[in-house]
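The block underneath contains the structure these notes are about, expressed in structure tokens.
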Amino acid sequence: MSAILDFGSQVRLAWKGELPFGDLLGEASALEAQGAAELAAVLYQTWLAHIGPSPVVHAAYFNYGVVLSNLGDLAGAESAYRQAFAVAPAFVHPRLNLGLLMERHGKLDEAIAQWQWIDNNSTRDDLNRSVVQMALNHLGRVLESRKQFLEALHYLTQSLLLVPQQPDVLHHWVFLRQKTNSWPVFADVAGVSKALMHESTSALAMLSLSDDPAEQLAAAKRYVEKKLAKELPHLSSVSRYPHSKIRIGYCSSDFSLHPVSMLTVQLFELHDRNQFEVYGYCWSPEDGSALRQRVIEAMDHFHRIQALSDEAAARLIQSHEIDILVDLQGQTSGARANMLAYRPAPIQITYLGLPATTGLPSIDYVIADKYLIPPSEAAHYSEKPLYMPYVYQVSDRKRISSGRPSRQSCGLPEKGFVFCSFNNSYKYSPEVFDVWMRLLHKVQNSVLWLLADNPWAEQNLINEAGLRGIEARRLVFAKRVSPENYLAQYLCADLFLDTFPFNAGTTANDCLWMGCPLLTLSGRSFASRMAGALLTAAGLPELIAHNLTDYEGKAQKLASNPQQVAHYRQKLGEVRASGVLFDTPRFVKDLERVLVELVNQLPAATHQ
0 MSAILDFGSQ VRLAWKGELP FGDLLGEASA LEAQGAAELA AVLYQTWLAH
50 IGPSPVVHAA YFNYGVVLSN LGDLAGAESA YRQAFAVAPA FVHPRLNLGL
100 LMERHGKLDE AIAQWQWIDN NSTRDDLNRS VVQMALNHLG RVLESRKQFL
150 EALHYLTQSL LLVPQQPDVL HHWVFLRQKT NSWPVFADVA GVSKALMHES
200 TSALAMLSLS DDPAEQLAAA KRYVEKKLAK ELPHLSSVSR YPHSKIRIGY
250 CSSDFSLHPV SMLTVQLFEL HDRNQFEVYG YCWSPEDGSA LRQRVIEAMD
300 HFHRIQALSD EAAARLIQSH EIDILVDLQG QTSGARANML AYRPAPIQIT
350 YLGLPATTGL PSIDYVIADK YLIPPSEAAH YSEKPLYMPY VYQVSDRKRI
400 SSGRPSRQSC GLPEKGFVFC SFNNSYKYSP EVFDVWMRLL HKVQNSVLWL
450 LADNPWAEQN LINEAGLRGI EARRLVFAKR VSPENYLAQY LCADLFLDTF
500 PFNAGTTAND CLWMGCPLLT LSGRSFASRM AGALLTAAGL PELIAHNLTD
550 YEGKAQKLAS NPQQVAHYRQ KLGEVRASGV LFDTPRFVKD LERVLVELVN
600 QLPAATHQ
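FYI, the numbering for the sequence shown is 0 to 607, going by numbering that gives the first Met the number 0.
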């Protein structure tokens with residue numbers, strides 16, 4: 000007999016207080032399995048109302064809460080969970096679920112409080128270990144999203160000490176250590192091997208740890224293997240659509256005040272509308288910025304797809320008969336790799352989002368130049384490089400800066416050479432930091448001007464400088480300011496010291512645009528050759544070093560030669576005015592020629 004047909008007799012027993020707890024669980028589970036969760040809820044409700052004193056009533060309240068939550072009755076679920084631990088305070092499972100309910104309501108402080116109660120009051124035995132583990136992981140996840148990085152790192156470390164083999168936790172743990180400049184990044188954790196840490200490192204985090212493009216490809220492929228849906232249907236044909244114009248779509252979660260949009264906005268504006276029709280597919284925050292508004296206005300069609308599933312978003316893109324889809328995300332936060340896996344367009348390209356191979360089978364090409372991805376390294380990319388003739392990176396010639404600030408207003412001393420590096424702190428490595436500290440020792444009265452990315456990174460960097468004999472006052476931290484004020488800060492810097500193996504990207508473009516000389520170190524990987532690609536296009540290859548010794552020597556020499564620094568400022572002014580590096584109209588025309596050629600290679604559509 001089906002559970003639904005048997006429901007009447009079971010609810011009668013529950014009404015009489017005669018339904019055994021085991022039968023209650025079995026009947027409720029069977030009802031849910033048959034799509035009758037509402038009846039399961041009625042059965043729990045009836046049993047709880049008539050059972051009287053029972054040693055298992057707390058478990059019934061918990062299961063009742065789960066059923067209500069699955070039905071979308073969040074208020075009822077919350078009440079059931081609270082009754083469960085009111086009856087049995089040591090019963091931690093309902094607190095875990097209540098935290099998730101609070102999170103769904105946007106009450107993050109209450110969610111955190113429930114999970115912290117579990118951490119502070121639960122035993123770590125076999126009965127509770129998995130619940131404590133999940134509570135610690137939820138704490139790490141939510142606190143990371145709130146940019147409370149040190150607390151997030153603490154809880155994830157505790158989770159690893161409890162259950163060491165957790166690749167997904169290590170994925171976040173490694174990046175949090177990078178973001179807080181907690182060195183070495185691969186710190187000792189009991190039970191966790193360095194090999195597992197390495198295997199769990201994300202494609203993005205790997206950029207700051209390795210200059211080997213083969214390692215980066217391996218990290219990308221691990222992500223694809225673990226996270227990408229398999230055997231999804233391909234929505235587009237490989238044929239060319241019969242449009243009079245090529246339809247190009249750009250998709251991103253960064254159509255906001257973000258480095259990707261800072262670089263690409265004028266590209267969208269300058270596309271030749273006689274040849275191209277431009278679509279934007281957006282799941283970005285509505286940040287109200289002027290830059291976001293420029294991006295929206297630059298598109299012929301702008302679609303917000305954050306509420307759509309990956310399949311629905313892919314079907315929308317396919318319905319627009321997009322010829323070329325350009326993903327500006329790669330394997331970065333907010334990526335929608337499964338949307339791309341549906342192949343909504345016959346040609347799919349990655350650009351700018353992740354400065355490495357994506358490893359995604361659905362991506363055909365990557366926009367590059369021959370400095371950025373030398374042909375000898377192309378085998379380490381899952382995409383085929385589309386080589387631009389001068390430089391891979393587009394620029395926005397409309398960006399403006401404020402007037403030059405005073406050194407005092409920037410927290411800089413009135414005199415002395417100013418080294419700067421405004422990269423995100425997770426790009427800083429101990430090896431390059433060693434060089435920076437030696438430069439401060441060698442160049443009297445010099446300071447190092449860094450980005451104040453987060454307070455824990457700032458304090459750790461001060462501590463690391465102290466270990467190397469450098470006083471805290473020699474490190475100056477620039478607070479985040481508006482884009483125009485940020486650009487103006489480069490007028491007070493003498494030399495930008497690039498990071499390695501993860502170079503400056505948009506930051507290098509801004510630096511050179513403002514005429515500040517930049518010294519980089521190039522290696523083998525995409526990420527380690529970004530700034531070198533810009534300097535090559537600027538005609539300044541002498542500012543590219545290829546090992547740390549050369550990098551340190553060039554920096555020291557420039558710091559003792561103000562005339563040479565002034566010469567580079569003048570040269571960069573000429574590059575800004577007439578060089579290929581910032582010639583955005585030329586870049587757009589060059590890119591469009593490449594894209595037209597790709598579309599022309601598609602076979603013509605056949606008609607039945």
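Built from N, CA and C at the ideal position, the CB exists for glycine as well. Because the structure is a prediction, the values reported are computed rather than measured.
Taking C-alpha positions only, Ala311 is separated from Asp322 by approximately 18 Å. Contact between Ile372 and Tyr380 holds, since their C-beta atoms are separated by about 7 Å, short of 8 Å.
In this structure, the beta-carbon distance from Gln177 to Ser524 does not fall below 9 Å.
In this structure the segment 150-169 lies against the segment 130-138, because at least three pairs of beta carbons, one per stretch, are closer than 8 Å.
As the crow flies, the alpha-carbon of Glu150 is around 43 Å from that of Gly51. Nearest neighbour of Ser252 by Cα position, chosen from Arg221, Glu285 and Val223, turns out to be Glu285.
In the DSSP annotation of this structure, the continuous segment of the beta strand (DSSP E) that includes Gly248 starts and ends at Ile245 to Ser251. The C-alpha of Phe501 lies about 47 Å from the C-alpha of Phe90. With distances taken between CA atoms, Pro232 lies nearest to Tyr341 out of Leu97, Tyr341 and Arg585. Closest by C-alpha distance to Trp282, out of Gln305, Ser318 and Leu262, is Gln305.
Judged by beta-carbon spacing, Gly139 lies beyond the 9 Å limit of Asn96, meaning their Cβ atoms are not closer than that value. Straight-line spacing of the CA atoms in Leu23 and Met101 works out to 28 Å.
Residue pairing by DSSP puts Ile323 in a beta bridge opposite Ile247 and Ile346. Secondary structure of Phe418 (DSSP, three-state): strand. Of the residues assessed, Pro345 falls on the buried side of the cut-off, its CB having 16 or more other CB atoms within 10 angstroms. Separation of Met261 and Leu290 (C-alpha to C-alpha, rounded to the nearest whole angstrom) is 7 Å. Assignment of beta-bridge partners to Trp448 by DSSP yields Cys419 and Val475. Exclusion of the five residues before and after Pro166 leaves Ser199 as the residues of its chain whose Cβ lies within less than 6 Å of its Cβ.
Pairwise C-beta distances place the segment 415-435 out of contact with the segment 296-305, as fewer than three of them are shorter than 8 Å. Just measuring C-alpha positions, the residue of Glu470, Trp435, Val475 and Arg467 sitting nearest Pro454 is Val475.
In the three-state scheme derived from DSSP, where H, G and I count as helix and E and B as strand, His545 is classed as coil.
Only buried fits Asp368, as 16 or more other CB atoms lie within 10 angstroms of its CB.
Within the segment 217-300, the runs of beta strand (DSSP E) at least 3 residues long that lie entirely inside it are, in chain order, 245-251 and 275-281. DSSP places Tyr380 in the coil class of the three-state scheme, outside both helix and strand. Exposed is the label assigned to Gln274, since fewer than 16 other Cβ atoms lie within 10 Å of its Cβ. Rounded to the nearest whole angstrom, the C-alpha separation of Phe148 and Ala456 is 9 Å.
Contact between Leu206 and Ala526 holds, with the beta-carbon distance rounding to 4 Å and staying under 8 Å.
In terms of CA proximity to Thr498, Cys419 leads the group Cys419, Leu511, Leu227 and Ser308.
Within the DSSP secondary-structure output, Val188 pairs in a beta bridge with Val191. Counted as a single uninterrupted DSSP element, the beta strand (DSSP E) harbouring Leu496 occupies residues Leu494 to Leu496. For Ala334, there is no enclosing alpha helix (DSSP H), as DSSP marks it with neither H nor E. One thing to note: Ala558 has its Cβ within 9 Å of the Cβ of Phe416.
When only Cα atoms are considered, Leu203 and Thr357 end up about 10 Å apart.
Distance between Gln407 and Lys556, taken at the CA atoms: about 26 Å. The alpha-carbon of Thr519 is positioned some 30 Å away from that of Leu269. In the three-state reduction of the DSSP assignment, Tyr80 falls in the helix class, which pools H, G and I.
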